[in-house]
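Data first, discussion second: the structure below is written as structure tokens.
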Amino acid sequence: MSNDVQKQYDRLDDVASILQRMKEVYAIPDRHTRYVATKEFFRAKMTEGSSVQEHGVKMLSLVEKLEDLKAGLENDTYIDVILQSLPPSYDPFIVNFNMNGIEKSINELINMLLQ
Numbered sequence: 077m078s079n080d081v082q083k084q085y086d087r088l089d090d091v092a093s094i095l096q097r098m099k100e101v102y103a104i105p106d107r108h109t110r111y112v113a114t115k116e117f118f119r120a121k122m123t124e125g126s127s128v129q130e131h132g133v134k135m136l137s138l139v140e141k142l143e144d145l146k147a148g149l150e151n152d153t154y155i156d157v158i159l160q161s162l163p164p165s166y167d168p169f170i171v172n173f174n175m176n177g178i179e180k181s182i183n184e185l186i187n188m189l190l191q
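So the sequence shown is residues 77 to 191, counted in our numbering.
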């Protein structure tokens, strides 16, 4: 640690205070982290012929990340985005899902896609 940086932390009493200050100075703001995560989620697309299982795991991982960041999205929004991320070959599934008013959790939706 350079002398200038060290002097900034000399005034702090304990290690916890130093760590807190370093987090404030060097951490990526939650707002930016949430922006990047929502951008990745909303832009995710499954390519035709790729594994729906891998795509489902990826989308579920992104949902969990957004939940951890308290993105404030509702279950229906997550479902809509996941359905929109599917390639055209899944259009019949999407129509059936929407027309029948199927209420499912994200995990249940992904399990349905795997069948």
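Cβ atoms here follow ideal geometry from the backbone N, Cα and C, with glycine treated the same way.
Quantities reported herein were computed from a predicted structural model and do not represent experimental measurements.
DSSP places Asp90 outside both helix and strand once states are collapsed to three, so it counts as coil. Cβ contact annotation for Ser161 (same chain, cutoff 8 Å, sequence separation greater than five): Ala120, Lys121, Met122, His131, Met135, in chain order.
Residue Leu138 holds the alpha-carbon nearest to the alpha-carbon of Glu116 among Ile182, Lys146, Ile155, Leu138.
A straight-line Cα-Cα distance of about 27 Å links Ser165 and Leu142. For the 8 Å CB-CB criterion, Leu189 and Ile155 do not form a contact.
For Glu124, there is no enclosing alpha helix (DSSP H), as DSSP marks it with neither H nor E.
When Pro163, Phe118, Ile158 are compared, the shortest CA-CA separation from Glu124 is found for Pro163. Around the beta carbon of Ile178, a 10 Å sphere encloses fewer than 16 other beta carbons of the protein chains shown; the residue is thus reported as exposed. Distance from the CA atom of Thr153 to the CA atom of Ser181, rounded to whole angstroms, is 11 Å. Just measuring C-alpha positions, the residue of Arg107, Pro168, Ile158 sitting nearest Val133 is Ile158.
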